[in-house]
Structures are given as C-alpha cells and as structure tokens.
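Residues 0 to 167 (numbering that gives the first Met the number 0) are what the sequence shown spells out, left to right. All remarks here apply to the structure that follows.
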Amino acid sequence: MLIRTEIGVDAAGIDTLLKRSFATSAEAELVQQLREDGLLTLGVVATDDEGQVLGYAAFSPVTLQGEDRNWVALAPLVVDESVRKQGIAKQLVYEGLDSLNEFSYSAVVVLGDPEFYNPLGFEPAARHGLHCRWLGSEAAFQVYKLADDAFAGAEGLIAFAEPFNRFD
C-alpha cells in the first residue's frame with residue numbers, strides 16, 4: 000500500500016471509492032464541489048500496486064469567527080471495506096498532518112469518533128472554547144494542534160467551507 004498526496008489522475012478513483020463506501024453520493028459530491036471551488040487544501044490517498052485508490056483523506060479550509068487562521072478540516076476520511084482494520088486510516092491521517100505541518104498550517108479540526116481520533120493526538124475542541132454549527136457534536140468535534148501557538152486567542156465558532164453547509 001502506498002500512501003501519498005493526491006494527484007490529478009486519482010480523482011476518478013477517489014470518486015468511485017467514496018460512492019461505494021457511503022450509503023449516498025453526498026461525500027463524493029462534497030469532494031467534487033470542494034475540488035471545483037478550489038477548496039481542497041490537501042488530499043491523501045492510499046493506493047494498491049496497480050494504482051487503485053483504496054483510501055482517502057481530504058482537508059479543506061475552515062475559519063474561526065470568520066477569520067482565516069490557516070486551519071483545515073479533515074473530511075471525509077474513508078478506507079475501502081476490503082482493506083479495513085489494517086491501520087490505513089491512521090496512516091492517511093498522519094501523512095496529512097505531516098504534509099500540513101510542512102506547509103505551516105496551524106491546526107486541524109474533525110467531526111469524528113473520539114475513540115479513533117484521540118489516540119492520534121486529537122482532543123475535544125470544547126476544551127479550547129471552540130464549537131461548530133452542528134448541535135450535538137460536542138464530543139465528536141475535535142482539534143489537532145500543528146503549531147505551538149495555534150490556540151492562542153482561539154475561541155468561538157469554526158465554520159467549514161461552504162459545500163459542507165449542504166449537510167444537515
């Protein structure tokens with residue numbers, strides 16, 4: 000399995016993976032819209048020896064109280080059912096965090112299972128006075144600090160890129 004940054008030829012494989020992995024095409028449509036709007040900050044793929052995309056992590060910009068602080072959201076994260084439970088999701092997240100750190104991003108936010116994300120170094124966003132618009136997501140809304148001063152003066156509403164507003 001090769002974990003690397005997404006390139007143009009991966010788009011069709013990513014779309015296929017998203018469509019077969021989720022109950023609806025909403026995630027595939029989200030990634031397509033982020034890509035079309037120039038809001039896909041980073042994509043990380045896991046490919047097999049033939050180049051088939053078997054895992055994907057997307058990162059897109061967020062704002063804090065309307066201010067761009069060089070933070071991104073991780074969503075979606077997906078691994079093909081045939082290769083789950085092999086640590087691929089963890090590798091995708093770590094590769095994304097490493098790349099974002101190299102490009103001086105400050106923090107990553109995610110809505111996801113704390114049992115998966117906490118061992119990776121994510122912590123509850125509420126601990127820092129941060130929240131998002133999806134009510135009832137307090138436990139699932141988490142942050143990862145890439146820069147030492149990422150949370151200095153950070154408090155309030157994290158707004159995801161516009162295409163996420165279609166998910167309610």
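Heads up, the beta-carbon is just placed ideally off N, CA and C, and yes, glycines get one too.
Can you tell me whether DSSP reads residue i as helix, strand or coil?
i, result
"residue 59", "strand"
"residue 15", "helix"
"residue 51", "coil"
"residue 119", "helix"
"residue 7", "helix"
"residue 42", "strand"
"residue 155", "strand"
Under the rule that 16 or more other beta-carbon atoms within 10 Å means buried, what is residue i, buried or exposed?
i, result
"residue 57", "buried"
"residue 68", "buried"
Could you tell me the boundaries of the beta strand (DSSP E) in which residue i lies?
i, result
"residue 71", "66-78"
"residue 30", "First-last for residue 30: 25-35, but that is the alpha helix (DSSP H), not the beta strand (DSSP E)."
"residue 116", "It is not in any beta strand (DSSP E) - residue 116 instead sits in the alpha helix (DSSP H) that spans 113-116."
"residue 172", "This structure cannot speak to residue 172, because the chain is shown only from 0 to 167."
"residue 106", "106-110"
State the start and end residues of the unbroken alpha helix (DSSP H) segment that holds residue i.
i, result
"residue 86", "First-last for residue 86: undefined, no H or E at that position."
With distances taken between CB atoms, is the gap from residue i to residue j smaller than 9 Å?
i, j, result
"residue 158", "residue 63", "yes"
"residue 34", "residue 94", "no"
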